[in-house]
Each structure stands twice: as structure tokens, then as C-alpha cells.
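Shown next, in C-alpha cells, is the structure this report addresses.
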Amino acid sequence: MTSDASSPLRILAIGAHPDDVEISCGGTLALAVRQGFQALVLDLTKGELSTNGTVEERAKEAAEAARALGIEERRNAGLPDGGVDSHDAEQVRRVVRILRTLRPSVLFTHAPKDRHPDHVEASYLVDRAWYLAGLRQYDGEEGTPHRAEGRYHFISRITLEPTFVVDITPVWEEKKRAILSHGSQVGRDARSVSTPLNVPDFMERIEARARHFGSQIGVRYGEPFRATEPIGFRSLAALIGSARPEPGSFRG
């Protein structure tokens with residue numbers, strides 16, 4: 125899906141590796157598409173250091189996962205797997221140029237607290253690129269300055285107190301299909317090496333997390349996000365119409 129003046133991109137989810145956004149915020153992306161918004165995925169690396177699966181296999185799986193979510197375009201920044209570096213000027217410049225090309229309204233990316241060093245660096249790199257993309261003097265004449273209105277962190281393996289939770293109950297099956305599309309990562313065969321992603325109960329753990337955060341807003345499945353700044357409302361309908369737990373419901 126191409127961004128233009130008459131059809132602006134609304135959401136850009138940025139993950140360090142193919143499969144990161146599906147696991148963390150795939151339901152929200154599927155929901156955005158279902159509700160008529162534009163959504164796009166940017167993978168920073170090709171996952172070339174993956175314990176299982178080749179770069180070619182992972183690219184095919186990423187394309188299949190995007191189709192499962194209803195996303196028409198998925199890009200890759202080509203940064204080095206295991207070497208994402210928020211202080212590398214060239215890596216930052218590459219992401220800035222992508223942001224200026226796609227011109228998203230909202231960014232989703234990793235939280236800065238995470239076990240994987242690429243996830244941590246991706247969080248800081250996206251934050252730096254988000255800011256610099258809005259500076260007219262940055263990167264000479266390359267691209268028109270643009271800064272997304274909002275940026276939010278999705279949660280990976282380390283749980284954080286969320287600022288808000290999205291009800292993904294209507295698109296839970298789409299999220300599951302997207303994750304399972306990454307067969308080299310979440311599947312097992314005779315060649316597979318055991319990882320946290322292909323243990324037998326991996327999908328049960330994903331569902332348990334979604335059920336936990338869903339219970340906090342009184343729905344079946346939820347995806348948590350943490351805001352970097354206060355969230356403002358132009359319309360009270362958005363605030364009043366939000367999902368909320370019923371009095372006395374379990375909130376964890």
C-alpha cells in the first residue's frame with residue numbers, strides 16, 4: 125500500500141527481526157486494517173543470525189504473515205542482525221529516509237527494556253530517527269521533513285505496565301495465523317534447534333499473555349502498549365467509548 129496525500133499511512137510497526145511485530149502487536153495491525161486504516165511493517169534486519177531458518181525462508185514467511193494480517197506492504201531496512209546500533213549514523217539515516225518516505229502518523233516499536241540487544245537498540249534507533257526525521261536541516265535535501273504524531277512501545281518478553289491495551293478479540297485468529305506463518309521459527313522438525321520460540325507451549329504462552337492483558341480492560345484478548353508521552357484526546361467519544369473492565373472483574 126503506497127502512501128500519498130489522499131491516503132496517508134496511519135500506522136508503521138517497526139521490529140528488529142521478521143516475526144517481532146506479529147508476536148507483539150500483530151492483532152492491533154490486523155484490527156487497524158479491518159477498521160479502514162493503513163498499516164505497514166518495517167523489519168530492520170533480515171534475521172540472518174537466526175538459529176533456525178534461512179534468510180530466504182524468513183522473507184517468504186514474513187510476506188505470508190503480512191497477508192494474514194491484511195497488510196499489503198512490508199519493507200526491510202537491511203540493517204545487520206545482531207548489530208542494530210542506535211549510535212551508527214548510517215543506520216539512523218537509513219531509517220530516517222524510510223520514515224520520510226512513508227510519512228506515518230503513528231509508530232509502534234520495541235520498548236527500551238528487553239532481553240534482546242537488537243530490540244533495545246531498535247527502540248533507541250527508532251526514537252532517534254523519529255526525532256531527526258522532523259529536522260529540516262538533517263540529511264541535506266534528502267526527503268521532506270516528517271515526524272509521526274505518536275510513537276508507542278509494544279511489549280516483548282519483559283512485561284511493562286501498559287499505558288493502554290488494544291482489544292484484539294475480533295482479530296485473534298489473524299494474529300495466530302501471522303505468528304504461525306513463521307514456521308522456521310515457531311515450528312519444529314528434524315533440523316530444528318530448540319529455542320524459546322519453538323517450545324511446544326509457545327502459542328499457549330502468547331495466548332496467556334493476550335488473555336491477561338485483555339482481562340485488564342474487560343475483554344478476551346488484548347495487546348499492551350506503553351506511551352512515551354501523555355496521550356491527549358481531541359474527541360471525548362474516543363475516551364468514553366474505550367474498553368474498560370466491569371466492576372469487580374479480575375485485573376491481575
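First residue of the sequence shown? That's 125 in the numbering used here, and the numbers climb one at a time after it.
Glycine is no exception: its CB is placed at the ideal position from the N, C-alpha and C atoms.
{"query": "Residue(s) in a DSSP beta bridge with I135", "result": "A163, V230"}
{"query": "Residues near I304 by beta carbon distance below 7 Å, same chain, minus five either side", "result": "In the sequence as displayed, the identity of residue 304 is Leu instead of Ile. Closer than 7 Å at the Cβ level, and outside the excluded window around L304, lie V310."}
{"query": "Residue burial classification, G365 (beta-carbon count within 10 angstroms, cutoff 16)", "result": "exposed"}
{"query": "Opening and closing residue of the alpha helix (DSSP H) in which P241 lies", "result": "241 to 256"}
{"query": "Reduced DSSP category for R312 - H, G, I as helix; E, B as strand; rest coil", "result": "coil"}
{"query": "Beta-ladder partner(s) of A351, from DSSP", "result": "Y276"}
{"query": "Local conformation of V289 per DSSP, three classes", "result": "strand"}
{"query": "Buried or exposed (CB count within 10 angstroms, at least 16 for buried), A401", "result": "Nothing can be reported for residue 401: it is not among the residues displayed for the chain, which extend from 125 to 376."}
{"query": "Counterpart residues of T169 in DSSP-defined beta bridges", "result": "L203"}
{"query": "Local conformation of R198 per DSSP, three classes", "result": "strand"}
{"query": "Burial state of A314, where buried means 16 or more other Cβ atoms lie within 10 Å", "result": "exposed"}
{"query": "Between the CA atoms of A302 and G343 - distance to the nearest angstrom", "result": "A small fix is needed here, since residue 343 is Val in this sequence, not Gly. Taking the straight line from one Cα to the other gives about 21 Å."}
{"query": "Sheet register partners of G346 (DSSP bridge)", "result": "D291"}
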